[in-house]
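Here's the structure we're looking at; comments come further down.
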Amino acid sequence: MAALRRRALRHRGDGAGRRRRLDGGVVVTGGRTDRALDGRTAIVTGAGQGVGRGIALALAAAGANVVIAARRATTGEPVAEEIRARGDEAVCIETDCTVRADMEACVAATVGRYGALEIVVHNAFKGGRAHRLEDLDLDLWDENSRTAAWASFYSAQIAYPHLAAAGDHGRLILITSPAGVEASVGIPAYGPVKAAQRALAKSLAREWGPLGVTVNCIAPVAETPALAYAFEERPELKTRVEMRTALRRIGDAEADIGGVAVFLASRAGGYVTGQTIVCDGGSFMGL
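In this text, residue positions in the sequence shown follow this note's numbering: the first is 216, and each later residue adds one.
Structure, rendered in structure tokens:
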């Protein structure tokens, strides 16, 4: 721990005293323009589609080397190719984040390729249909727990030495849900495991804070394949969701949710930790 703390303090001193201005994803440093995450490396789990894909695209556009950690390369590799086609850097590593050995291999491969790991975004989640508690299958409860709580724990514990070494560039971002903040009927497994991610983030924010590492959650509502399917099955649901939202629209995974992730991962978000950023267009305003 003492060695990690010394490394973090040395890292924290890099570039001290230089004036910086954040303009979207661009940082102006001493008259020179850089992207906010230039030179950083990020792992995004579940980045083959939806919110994970949007965050991966946004981090790459801000200059990060992005590792697409997807359960199937057939979904993750097209996202990596999309990023590379934009002129940014990305690679897909087939990873089941609920399997500890897979996450260990992913982190090791990432550090072996890029030399460091500063940012981890755990987004992967496999849910299921809505149920009332009396009808809830225990397998669904277990699956929700593994992909949210257990996988968040694996991501954090395995990445910790590298995030600690990164000092105040170290970032852990857990993708939770508004359902983990407020009560929702019909998802008695989903809400609790998403709330567990928030509790983990707060605990780690306290524990890792002295090293300069920040830990936060994003609770998004965005257009995803799963949401599109739900709207197709129940067309009235889209109108209901939009009318409940102050901005009268559903978020864009890259521009809206990815933008928040870039902020939290960048120097501009360096004084934000232990927080859940609810990015839902003003649907939930209870914090």
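The beta-carbon is built from N, C-alpha and C at its ideal position, and this holds for glycine as well.
Does DSSP put Val400 in a helix, a strand or coil? coil
From the DSSP output, which residues share a beta bridge with Leu387? Val335, Val430
Residues near Arg361 in its chain [Cβ-Cβ closer than 7 Å; skip 5 each side]: Thr313.
For Glu297, which residues from the same chain have a beta carbon less than 6 Å from its beta carbon, with the 5 sequence-adjacent residues on both sides left out? none
Go through its chain and collect everything with a Cβ distance to Gly269's Cβ below 6 Å, but skip five positions before and after it. Ala468, Glu469, Ile472, Gly473
Alpha carbon to alpha carbon, what distance is there between Ala461 and Ala288? Near 37 Å, if we compare the C-alpha coordinates of Ala461 and Ala288.
I need the straight-line Cα distance from Val493 to Thr429, nearest angstrom please. Taking the straight line from one Cα to the other gives about 17 Å.
Below 6 Å CB to CB, which residues in the same chain sit around Leu348 once its five sequence neighbours on both sides are set aside? Pro403
Sorry if obvious, but does the Cβ on Asn359 come closer than 7 Å to a heavy atom of the ligand HEM? Ligands in the displayed structure: none, and consequently the ligand HEM is not present.
Does the stretch 391-398 touch the stretch 406-420, meaning 3 or more C-beta pairs lie closer than 8 Å? Contact check between the stretch 406-420 and the stretch 391-398: three or more CB pairs, one atom from each, fall below 8 Å, which counts as touching.
Nearest candidate by alpha-carbon position, reference Cys321, set Leu452, Leu351, Val282: In this structure, Val282 is the residue among Leu452, Leu351, Val282 with its C-alpha nearest to the C-alpha of Cys321.
Proximal residues to Arg227 (C-beta, below 6 Å), its chain only, five neighbours per side dropped: Caution applies to Arg227, whose pLDDT of 43 falls short of 50 and renders its modelled position unreliable; the value that the coordinates give is listed next. Cβ-Cβ distances below 6 Å link Arg227 to Gly382, Asp383, Gly427 in the same chain, with the five nearest sequence neighbours on each side left out; the list follows chain order.
When the Cα atoms are used, what is the spatial distance from Thr256 to Thr439? 25 Å
With H, G and I counted as helix, E and B as strand and the rest as coil, what does DSSP make of Val243? The pLDDT assigned to Val243 is 38, lower than 50, so where the model puts this residue is not dependable; a value taken from the coordinates is nonetheless given after this. The answer is strand: DSSP assigns Val243 an E or B state.
Going by beta-carbon coordinates alone, are Ala371 and Leu419 separated by less than 8 Å? yes
Contact set for Gln490: own chain, Cβ-Cβ below 6 Å, skip 5 residues either direction: Asn431
Straight-line Cα distance separating Gln264 from Phe478: 21 Å
Residue(s) in a DSSP beta bridge with Asn280: DSSP lists Thr256 as partners of Asn280.
On the CB-based measure, 16 or more other CB atoms within 10 Å of its CB, does Gly385 come out buried or exposed? buried
Measuring only the C-alpha atoms, how far is Ala331 from Thr290? So the alpha carbons of these two residues sit roughly 25 Å apart.
Can you tell me whether Leu252 is buried or exposed? The criterion is at least 16 other CB atoms within 10 Å of its CB, across all chains shown. buried
State the start and end residues of the unbroken beta strand (DSSP E) segment that holds Glu309. 305-309
Work out the CA separation of Arg463 and Met496 for me, nearest whole Å. For the record, residue 496 in the displayed sequence is Gly; it is not Met. So the two alpha carbons sit approximately 8 Å from each other.
How far does the alpha helix (DSSP H) with Thr290 in it reach, from first residue to last? That run of the alpha helix (DSSP H) goes 288-300.
Below 7 Å CB to CB, which residues in the same chain sit around Val436 once its five sequence neighbours on both sides are set aside? Excluding five sequence positions before and after Val436, the CB atoms of its chain that fall closer than 7 Å to its own CB belong to Pro393, Ile465, Gly466, Asp495, Gly496, Ser498, given in chain order.
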